[in-house]
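These notes concern the structure reproduced below.
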Amino acid sequence: MSNELEVEALKNNKNVIEIARGNLPASCPPHSTQTWDLHPRVVLAFDDNDKAQCPYCGAQYLIV
Ligand SMILES: [Zn+2]
1 MSNELEVEAL
11 KNNKNVIEIA
21 RGNLPASCPP
31 HSTQTWDLHP
41 RVVLAFDDND
51 KAQCPYCGAQ
61 YLIV
């Protein structure tokens with residue numbers, strides 16, 4: 001996924017951003033994107049379904 005697509009995902013809150021299990025713990029905004037200063041960095045809390053939603057921007061994450 002390109003950085004551009006990740007930025008669009010964060011803006012639109014429609015797409016799920018996939019996080020490799022090896023990259024946990026994950027935080028939002030992701031380090032690699034141009035939205036790194038979108039809001040204060042928050043560590044994502046994944047639920048039993050390996051999903052998480054950022055409380056600041058609403059971006060959805062899934063462990064793959
Ligand atoms: Zn966020």
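Numbering (the numbering used here), first residue to last: 1 to 64. For each residue, glycine too, the CB sits at the ideal point set by N, CA and C.
Taking each of S27, Q60, H39 and P40 in turn and checking the Cα distance to N49, the smallest one comes out for Q60. Here C54 has C28, V42 and L44 as same chain residues with Cβ atoms under 7 Å from its own Cβ, once five neighbours each way along the sequence are excluded.
At a threshold of 6 Å, Y56 counts as near ligand 1, since its beta carbon sits closer than that to one of the ligand's heavy atoms. Look at A59: its beta carbon is less than 6 Å from one of the heavy atoms in ligand 1. Distances from the CA of L24 to each of C57, A52, Y56 and G58 were compared; the closest alpha carbon is that of A52.
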